[in-house]
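Below is one structure, written out as structure tokens; comments come after it.
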Amino acid sequence: MNCIDKFPYRPYSCRMKPTSPPTAKGAEEARQQLPSILAEAAAGRTTMITRHGRAIAAVVPAAAARPNKPASLLQLAGSGKGMWGKNSAHVIDKLRDEWDR
167 MNCIDKFPYR PYSCRMKPTS PPTAKGAEEA RQQLPSILAE AAAGRTTMIT RHGRAIAAVV
227 PAAAARPNKP ASLLQLAGSG KGMWGKNSAH VIDKLRDEWD R
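Okay, so the sequence shown: first residue is 167 according to the numbering used here, each after it adds one.
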């Protein structure tokens, strides 16, 4: 987006292009028109699939459907030294005593 603005890093500083609302198709219609729905998704348009007037699914462009990737555990890597204090046996005994209540 090319935008020359006095405050370029403010939220809503540039006017965004209006997006077209998603088209809605019934489940049977969507089944019959799947190739055209996929072509629309490749072009960046979303299609809602409905059943009995209620939205049940959406066909969206792949760029918009980023899967939730689990966070890396590398940040947690370490030896854990000092985690239990100077007397780790005492801490573990206290934790075990909690279960006996």
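Just so you know, even glycine gets a beta-carbon here, dropped at the ideal spot from N, CA and C.
Does the Cβ of residue i have 16 or more other Cβ atoms within 10 Å, making it buried, or fewer, making it exposed?
| i | result |
| --- | --- |
| T213 | buried |
| A207 | buried |
| V225 | buried |
| A193 | exposed |
| I222 | exposed |
| K191 | buried |
| A255 | exposed |
| V257 | exposed |
| A196 | buried |
| S179 | Here the model assigns S179 a pLDDT of 48, short of 50, so the residue's position is not dependable, and the following value carries that caveat. It counts as exposed. |
Checking the sheet assignment: what are the DSSP bridge partners for residue i?
| i | result |
| --- | --- |
| V225 | T213 |
| R220 | R217 |
Can you tell which of the options has its C-alpha closest to the C-alpha of residue i?
| i | options | result |
| --- | --- | --- |
| A228 | R211, Q241, R220 | R211 |
What residue range does the beta strand (DSSP E) around residue i cover?
| i | result |
| --- | --- |
| K191 | 189 to 192 |
For the alpha helix (DSSP H) that contains residue i, what are its first and last residues?
| i | result |
| --- | --- |
| S238 | Premise fails: S238 is in no alpha helix (DSSP H) and is neither H nor E. |
| W265 | 254 to 265 |
| A230 | Careful: A230 lies outside any alpha helix (DSSP H) and carries neither H nor E. |
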